[in-house]
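Visitor: Questions regarding the structure given below will be posed in turn.
Residue numbers (the numbering used here): 1 to 137.
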């Protein structure tokens, strides 16, 4: 069962990394077309994506090492890579965005929600952290 959960998390993480990779790249290349704060820069968008992706990968590694609470923290922080994407709508009317932009924003939001949902499910419902084989049990 442990392997199934790791595989599910890996699948969700890969989906999120691909989704955010496309969106953040599109945002960086077409930064002038995306309504967003003035302080956003192309290099800043790429650096944010790289750092947050590393956070997600560390979260996955921690999960595989059964460091569940640290994993949940890293995965929850990483999930905001996608969950924050709809914040673009605070800076421009929906009509300003192209269909491609909408699709990228919402695919990010969905995959971010799925990663966060996995962390919550694992912690509160499945309670993976209680299933660790230790000498204390």
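Backbone N, C-alpha and C fix where the C-beta goes; we use that ideal spot for every residue, glycine too. Keep in mind it's a predicted model, so treat the numbers as computed, not measured.
#1: Mapping the DSSP letters down to three states, classify residue 72 as helix, strand or coil.
#2: Out of 117, 96, 7, point me to the one whose CA is closest to residue 61's CA.
#3: Determine the DSSP secondary structure at residue 39, reduced to helix, strand or coil.
#4: When you compare each of 23, 49, 66, 17 to residue 99 by their alpha carbons, which one comes out closest?
#5: Just to confirm the assignment: which complete alpha helix (DSSP H) runs, minimum length 4, are found wholly within the stretch 89-128?
#6: Thinking residue 91 and residue 37 are a contact (beta carbons under 8 Å), I'd like their distance in whole angstroms, please.
#7: Any contact between the stretch 103-122 and the stretch 14-30? By contact I mean 3 or more CB pairs, one from each, below 8 Å.
#8: Can you tell me the Cβ-Cβ gap for residue 83 and residue 123, rounded? I've got them flagged as a contact below 8 Å.
Guide: Short version:
#1: Helix at residue 72.
#2: Cα-wise, what sits closest to residue 61 is 7.
#3: Looking at residue 39 - three-state DSSP - the assignment turns out to be coil, as it is neither helix nor strand.
#4: Selected option, being the one with the closest Cα: 23.
#5: You should have 99-120.
#6: Sure, about 7 Å apart at Cβ, within 8 Å.
#7: Yes, the stretch 103-122 touches the stretch 14-30.
#8: Actually they do not touch by this definition, with Cβ atoms about 17 Å apart.
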